[in-house]
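Below: the structure, in structure tokens.
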Amino acid sequence: MAVQALDGPAHTIRRLWPADRAAVLDYFLRLDPETRASRFMGNVSEAGIRAYAAQALTAEGVMYGAFVGGVLRGLGELRPMGPGASRYALGPSAEAAFAVEQTFRRRGIGAALFARIARSARHRGVEDLHVRCLSGNGPMLRLAAKHGAALQHEGREIEGALHLARPTPFSLWYEGIAEAFDFTLAASFPERIQAGR
1 MAVQALDGPA
11 HTIRRLWPAD
21 RAAVLDYFLR
31 LDPETRASRF
41 MGNVSEAGIR
51 AYAAQALTAE
61 GVMYGAFVGG
71 VLRGLGELRP
81 MGPGASRYAL
91 GPSAEAAFAV
101 EQTFRRRGIG
111 AALFARIARS
121 ARHRGVEDLH
131 VRCLSGNGPM
141 LRLAAKHGAA
151 LQHEGREIEG
161 ALHLARPTPF
171 SLWYEGIAEA
181 FDFTLAASFP
191 ERIQAGR
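Right, dumping it as structure tokens:
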């Protein structure tokens, strides 16, 4: 469900849909070189960003966005890591990836995206949620550690794994309501997305 922050500049977290494609592309193109390299684990050209953004919302998994003033400023992705993925379940292991525009960090956006991704993973059959980042990506390391991920160094990369609790009937119901609310919000206010372009 879209969640609005109570302190500081408000942000809203909601699921992204194919209609959000332009906002996703604009977001990736706005990322500074360091944030872009951290998100993609290396340098990516503008053409590479455009190709990735074109298919990101239709690839297996789900994406969530953090909107500030109607503009996408943070993005989290949840992708299956192996066989077993279906329309409703991602399988036992999935990977999360996040990025928040530099000027919008330290406002709780990354933590809100991580919590939303973890909840979504739990309700899609994921038992182990993985994150990978470069060893110099302090914000991601702190975020993963804060949520209890076990971190392992592998050369210049660090991988974290978080074991998720099984969903309950109430949490599954809540997730269904949250998804419906996110879709309604996206469909009801498309002009707010376009305002940031």
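Numbering-wise, the sequence shown is residues 1 to 197 according to UniProt numbering. A virtual CB, placed ideally from N, CA and C, is assigned to each residue, including glycine. What you are looking at is a predicted structure, and each value in this text was computed from that prediction instead of being measured.
Output the distance between the C-alpha atoms of residue i and residue j, rounded to the nearest integer angstrom.
i           : j       : result
Leu-57      : His-153 : 30 Å
Glu-191     : Ile-13  : In this prediction, Glu-191 has a pLDDT of 42, which is less than 50 and means its spatial position is unreliable; what the coordinates show is noted afterwards. Those two C-alpha atoms are separated by around 17 Å.
Met-81      : Asp-128 : 10 Å
Glu-60      : Tyr-88  : 10 Å
Trp-17      : Glu-77  : 12 Å
Gln-194     : Thr-103 : Since pLDDT at Gln-194 reaches only 41, below the 50 mark, its modelled position is unreliable, and the value read off the structure follows with that caveat. One C-alpha to the other measures close to 20 Å.
Thr-35      : Leu-90  : 27 Å
Thr-168     : Ser-93  : 19 Å
Ala-149     : Ile-158 : 11 Å
Ser-38      : Ser-135 : 10 Å
residue 257 : Tyr-27  : This structure does not reach residue 257, given that the chain is present from 1 up to 197, and the question cannot be answered.
Ala-145     : Ala-118 : 14 Å
Leu-162     : Gly-70  : 31 Å
Ala-47      : Arg-73  : 21 Å
Glu-179     : Val-126 : 17 Å
Leu-141     : Cys-133 : 8 Å
Arg-107     : Arg-166 : 29 Å
Asp-182     : Arg-156 : 37 Å
Tyr-52      : Ser-171 : 32 Å
His-123     : Glu-175 : 7 Å
Ile-177     : Ala-19  : 20 Å
Val-3       : Ala-85  : Below a pLDDT of 50, predicted positions are generally treated as unreliable, and Val-3, at 49, falls in that range; the measurement from the model is reported next regardless. Each residue's Cα considered, the two are about 27 Å apart.
Gly-160     : Ala-23  : 29 Å
Would you mind stating whether residue i and residue j have Cβ atoms separated by less than 8 Å?
i       : j       : result
Phe-67  : His-11  : yes
Tyr-64  : Arg-15  : yes
Val-131 : Glu-95  : yes
Pro-139 : Arg-105 : yes
Ala-121 : Leu-164 : yes
Arg-50  : Leu-25  : yes
Can you tell me which residues form a DSSP beta bridge with residue i?
i       : result
Arg-122 : According to DSSP, which records beta bridges pairwise, Arg-122 is partnered with nothing at all.
Phe-80  : Looking at the sequence shown, residue 80 is not Phe but Pro. DSSP lists Ala-94 as partners of Pro-80.
Pro-100 : Inspection of the sequence shows that residue 100 is occupied by Val rather than by Pro. DSSP lists Gly-74 as partners of Val-100.
Glu-154 : Glu-157
Val-62  : Leu-78
Following the continuous beta strand (DSSP E) through residue i, name the residue where it begins and the one where it ends.
i       : result
Asp-128 : 128-134
Ala-161 : 157-163
In terms of residues, what are the limits of the alpha helix (DSSP H) holding residue i?
i           : result
Ala-145     : 138-146
residue 210 : Here the chain has residues from 1 to 197 only, and residue 210 is not among them.
Ser-38      : 33-40
Tyr-52      : 46-56
Closer than 7 Å: is that where the CB of residue i sits relative to any heavy atom of the ligand GTP?
i       : result
Ala-112 : The ligand GTP is not part of the structure shown, which contains no ligands of any sort.
Inspect the CB distances between the segment 108-124 and the segment 41-48 and report whether three or more fall short of 8 Å. no
Can you find at least 3 beta carbon pairs, one from the segment 27-34 and one from the segment 94-105, that sit closer than 8 Å? yes
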